[in-house]
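To start, the structure under review is shown below, and the notes come after it.
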Amino acid sequence: PIAASSCDTSEPPALLAGASRILRSHERAAGGRRSLGWDGVRALPYKLETTLFRGVTRHVLAAPERATFDVRYYEVEPGGHTTHEVHEHVHVIVVLRGLGRVRLGGETHELGFADVVYISPRDPHQFLNPYGEPFGFLCIVDRARDRPVTVEE
Numbered sequence: 089p090i091a092a093s094s095c096d097t098s099e100p101p102a103l104l105a106g107a108s109r110i111l112r113s114h115e116r117a118a119g120g121r122r123s124l125g126w127d128g129v130r131a132l133p134y135k136l137e138t139t140l141f142r143g144v145t146r147h148v149l150a151a152p153e154r155a156t157f158d159v160r161y162y163e164v165e166p167g168g169h170t171t172h173e174v175h176e177h178v179h180v181i182v183v184l185r186g187l188g189r190v191r192l193g194g195e196t197h198e199l200g201f202a203d204v205v206y207i208s209p210r211d212p213h214q215f216l217n218p219y220g221e222p223f224g225f226l227c228i229v230d231r232a233r234d235r236p237v238t239v240e241e
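Throughout, the numbering used here is defined as the position within the sequence shown, counted from one, plus 88.
Right under this line is the structure:
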């Protein structure tokens, strides 16, 4: 089943179905900072609950109805972080903006532009931004996926 969290697909993405098309990116001012956005794509909350993450937005860029994957963009504001979680599905991250860190398994790694992170099933992971600029990344994930489970600290 699809999770009702960062895996939620209830918001219709701009590239859901129909003819081929292009989404034009742009920078926009948000809360005194410059954030990446796309024409026709709304910035959404990362998850419904708010206690286990900080300063993260989500954009559903593509969820083609005949495909088995979704493409989302996450942006982590300075000082922000995603939930520390684990799940059964695989996903791939491609850094598009800024610098950040990933906690993957028991190690923390620095990330920068065009770095790719493969997250295998059952690997605890979390993305963090200890830097002064936004940290943004694409997430390519199977449409049919399990619900993430929070890792207890």
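Glycine included, each C-beta is placed from N, C-alpha and C at the ideal position. Here the structure is a predicted model, which is why all the values come from computation and not from measurement.
Closest by C-alpha distance to ARG109, out of ARG146, ALA151, PHE141 and GLY143, is ALA151. DSSP assignment within the stretch 141 to 173 yields the following whole beta strand (DSSP E) runs of 3 residues or more, N-terminal first: 142 to 150 and 157 to 169. Assigned with DSSP and collapsed to three states, GLY186 falls in coil, not helix or strand. Rounded to the nearest angstrom, the Cβ distance from VAL205 to VAL229 is 12 angstroms, too far for a contact under 8 angstroms. Counting the other CB atoms within 10 Å of its CB gives ARG210 a total below 16, which places it among the exposed residues. Just so you know, the alpha carbons of GLU165 and GLY186 end up roughly 10 angstroms apart. Every beta strand (DSSP E) of 3 residues or more that sits fully in the stretch 185 to 238 is shown, in chain order, as 188 to 192, 195 to 199, 204 to 207, 213 to 216 and 223 to 230. Just measuring C-alpha positions, the residue of THR170, ALA155, LEU199 and VAL144 sitting nearest ARG231 is ALA155. Annotated three-state conformation of GLU115 is strand, per DSSP.
Rounded to the nearest whole angstrom, the CA to CA distance from VAL144 to PHE215 is 10 angstroms. Of the candidates PHE141, TYR161, ILE207 and ALA202, the residue whose Cα lies closest to the Cα of VAL178 is ILE207. Secondary structure at SER123: strand, using DSSP grouped into helix, strand and coil. A Cβ-Cβ distance of about 16 angstroms is found for the pair VAL180 and PHE201, leaving them out of contact under the 8 angstroms criterion. Setting aside the 5 residues that flank it on each side, GLY220 is surrounded in the same chain by PRO166, each with a C-beta closer than 8 angstroms to its C-beta; the list follows chain order. With contacts defined by Cβ atoms closer than 7 angstroms, ARG160 and CYS227 form a contacting pair. The beta carbons of HIS175 and PRO236 sit closer together than 7 angstroms.
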